[in-house]
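Numbering (the UniProt record's numbering), first residue to last: 1 to 273.
For glycine and all other residues, C-beta sits at the position ideal for the given N, C-alpha and C.
Step one of this worksheet: look at the structure below.
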């Protein structure tokens with residue numbers, strides 16, 4: 001018998017954007033399937049006055065507090081306020097910084113938002129995002145050799161979201177749809193630089209996703225063929241045939257999240273360099 005789902009408040013206090021906290025909080029709360037976090041995010045908290053205002057909100061809806069605040073005076077203030085209210089709180093970065101300090105033999109610089117500096121890596125990611133948006137769904141196929149990664153697959157195999165996720169990590173990613181009986185662009189066949197990966201899934205999974213898709217009305221669209229599992233199996237067989245012919249690796253995304261698929265692709269790229 002399934003337990004009824006419960007809810008709890010999760011307060012995330014950050015002196016920067018809060019992305020680190022959000023990732024950590026969601027990773028932890030995902031382990032509790034019967035409890036759902038109601039997230040309260042407080043970004044750019046850098047003064048005692050802001051901290052006081054945050055705790056006015058927390059007093060209204062108490063819960064778990066996670067924070068990333070590099071200013072030690074503010075961090076102590078948060079710890080003291082939590083202790084006074086009897087609420088659990090964790091400085092997410094502090095244990096990590098302690099390990100770095102112990103190993104490197106020097107204290108952290110404690111620069112607010114240091115991970116968001118506008119350096120070469122930042123602009124590389126922006127460049128990758130621009131490239132990926134321009135090369136979504138088979139656009140601009142002529143310059144495939146400019147890509148780091150090319151994803152191919154039939155409709156609804158998560159090509160676009162995976163491409164964007166990879167671009168956010170600095171990988172120029174193009175994606176090209178596989179359509180039954182339609183040859184792939186010659187520029188892709190001739191490309192030597194990018195890692196080409198075929199994304200596949202079970203016919204059941206693809207049929208389910210396609211059924212939930214909001215479909216446009218076009219004269220050439222045949223809905224029965226689009227969700228028919230026998231037709232999808234034929235598409236998948238054609239996709240596998242193409243990948244096998246050209247020696248391209250395939251990843252089954254049926255039970256993978258976008259993040260897991262991207263991690264597998266990055267691992268393949270590192271291995272093939």
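Leaving out five residues before and five after residue 234 in sequence, what residues of the same chain have Cβ atoms less than 8 Å from its Cβ? 180
Among 150, 74, 53, nearest to residue 132 - alpha-carbon criterion: Selected option, being the one with the closest Cα: 150.
Going by Cα to Cα distance, which pick from 69, 203, 95, 21 is closest to residue 51? 69
Thinking residue 157 and residue 199 are a contact (beta carbons under 8 Å), I'd like their distance in whole angstroms, please. 4 Å
Bridge partners - residue 199, DSSP secondary structure assignment: In the DSSP output, where bridge partners are listed per residue, residue 199 has 251.
Just to check my reading of the structure: residue 201 and residue 253 have Cβ atoms closer than 8 Å, yes? What is that Cβ distance to the nearest angstrom? 5 Å
Using a threshold of 8 Å, state whether the C-beta atoms of residue 147 and residue 185 are closer than that. no
Pull up the distance between the alpha-carbon of residue 74 and that of residue 89, whole angstroms please. Looking at the two C-alpha atoms, the distance is approximately 14 Å.
Using 8 Å for Cβ pairs, my map puts residue 42 next to residue 12. What's the rounded Cβ distance? 7 Å
First through last residue of the beta strand (DSSP E) which encompasses residue 35: 35-42
Going by DSSP, what residues sit across from residue 177 in a beta bridge? 153
What is the rounded straight-line gap between the Cα of residue 38 and the Cα of residue 56? 17 Å
For residue 103, is the classification buried or exposed, using 16 other Cβ atoms within 10 angstroms of its Cβ as the cut-off for buried? exposed
For residue 90, list the residues DSSP reports as bridge partners. 66
Helix, strand or coil: how does DSSP classify residue 219 here? Confidence in residue 219 is poor, its pLDDT being 49 and thus under 50, which makes the residue's placement too unreliable to answer from.
Going straight from the alpha carbon of residue 248 to that of residue 170, what length do you get? Rounded to whole angstroms, residue 248 to residue 170 spans 22 Å at the Cα level.
Which same chain residues end up closer than 6 Å to residue 29 when comparing Cβ atoms and leaving out the 5 residues on each side of it in sequence? Result list for residue 29: 37, in chain order.
Contact check, residue 66 vs residue 25, beta carbons under 8 Å: yes
So, at 7 Å on beta carbons, what are the nonlocal neighbours of residue 232 in its own chain, with the 5 sequence-adjacent residues on each side left out? 203, 206, 207
At what residues does the beta strand (DSSP E) containing residue 270 begin and finish? Element bounds for residue 270: not the beta strand (DSSP E) but the alpha helix (DSSP H), 258-272.
Between residue 250 and residue 224, what straight-line distance do the alpha-carbon atoms span, to the nearest angstrom? 27 Å
Buried versus exposed call for residue 218 [16 or more other C-beta atoms within 10 Å across all chains shown]: Only weak support exists for where residue 218 lies, its pLDDT of 49 falling under 50; the value from the coordinates is given anyway. When all chains shown are included, residue 218 counts as exposed.
If we ignore side chains and look at the alpha-carbon of each, how far apart do residue 153 and residue 227 end up? Straight-line Cα distance between these residues: approximately 16 Å.
Are residue 159 and residue 128 closer than 8 Å when you measure CB to CB? no
With DSSP run on the structure shown, which of helix, strand or coil describes residue 307? Residue 307 falls outside the range modelled here, since the chain spans only 1 to 273, and no answer is possible.
Between the beta-carbon of residue 95 and the beta-carbon of residue 138, is there less than 8 Å? no
Going by other Cβ atoms of all chains shown within 10 Å of its Cβ, with 16 needed for buried, is residue 344 buried or exposed? As shown, the chain starts at 1 and ends at 273. That puts residue 344 outside it, with no answer to give.
Whether residue 168 touches residue 125 by CB criterion (8 Å): yes
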